[in-house]
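Data block below; observations after.
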Amino acid sequence: MLTLPRVHVGQMIGLLEVLEDFKGRVDVAKVADDLILELDDLLPAVEAAELLGFLKVESGDLILTEEGRQFLAKGASSRKKFLNEHVMKLSGFKAIVDFLKSHKNHEVTREELLEFLRKEMSDEDAESAIPWIVEWGRYSLILHYDSNNGRLKVLRTPK
Numbered sequence: 001m002l003t004l005p006r007v008h009v010g011q012m013i014g015l016l017e018v019l020e021d022f023k024g025r026v027d028v029a030k031v032a033d034d035l036i037l038e039l040d041d042l043l044p045a046v047e048a049a050e051l052l053g054f055l056k057v058e059s060g061d062l063i064l065t066e067e068g069r070q071f072l073a074k075g076a077s078s079r080k081k082f083l084n085e086h087v088m089k090l091s092g093f094k095a096i097v098d099f100l101k102s103h104k105n106h107e108v109t110r111e112e113l114l115e116f117l118r119k120e121m122s123d124e125d126a127e128s129a130i131p132w133i134v135e136w137g138r139y140s141l142i143l144h145y146d147s148n149n150g151r152l153k154v155l156r157t158p159k
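For the sequence shown, counting from 1, position 78 maps to 78 in the working numbering; every step adds exactly one.
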């Protein structure tokens with residue numbers, strides 16, 4: 001099963017910024033209450049940040065990690081490069097990039113990607129994963145998606 005973030009990048013960044021405002025540690029219910037969100041609506045951002053190593057959850061508290069602090073300290077373009085390195089550590093993204101690299105020009109159609117994903121997850125999960133792959137891949141400067149022709153291409157990956 002491919003593990004991928006399933007939340008908007010901006011929501012995860014916003015969560016990290018709120019956590020920083022609380023000096024790096026706060027109860028998850030307090031964050032949800034302050035943001036006027038249901039806990040279930042906050043959890044995808046928590047899971048994504050935890051997956052990337054930017055926060056950890058301990059006894060109901062969200063704790064900003066050193067990696068999370070480094071990410072927040074960077075400017076916009078540096079954040080993208082930093083995120084590039086962390087996203088490429090995710091086995092799901094690495095598998096997708098390897099799949100793309102195995103094709104001519106490191107490029108596949110949306111349908112080819114969908115076929116690959118269906119080998120790893122249910123049809124419904126595969127279909128719903130594509131927008132998240134595109135968003136996280138674009139933001140972290142790993143992938144380019146051409147919505148006109150439905151082609152996805154590897155831009156670059158960390159050395």
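Backbone N, C-alpha and C define an ideal beta-carbon position, used for all residues, glycine too.
- Assigned with DSSP and collapsed to three states, residue 23 falls in coil, not helix or strand.
- About 7 Å separates the beta carbon of residue 100 from that of residue 153, a gap short enough to meet the 8 Å contact definition.
- Annotation: the continuous alpha helix (DSSP H) that includes residue 28 extends over 28-34.
- Nearest to residue 47 by alpha-carbon distance, out of 78, 74, 33, 9, is 9.
- Short of 6 Å from the beta carbon of residue 68, and not among the five residues preceding or following it, lie these beta carbons of its own chain, in chain order: 16, 54, 55.
- For residue 11, the CB contacts under 7 Å within the same chain, skipping 5 residues up- and downstream, are 45 in chain order.
- When DSSP states are grouped into helix, strand and coil, residue 151 belongs to the strand group.
- No residue range can be given for residue 38, since it is assigned to no beta strand (DSSP E) and is classified by DSSP as neither H nor E.
- Looking at 93, 62, 146, the one whose alpha-carbon comes closest to that of residue 120 is 93.
- For residue 144, the pairing in a beta bridge is given by DSSP as 153.
- Comparing alpha carbon positions, the residue from 112, 14, 25, 111 closest to residue 66 is 25.
- Residue environment analysis places residue 58 among the exposed positions, since fewer than 16 neighbouring C-beta atoms fall within 10 angstroms of its C-beta.
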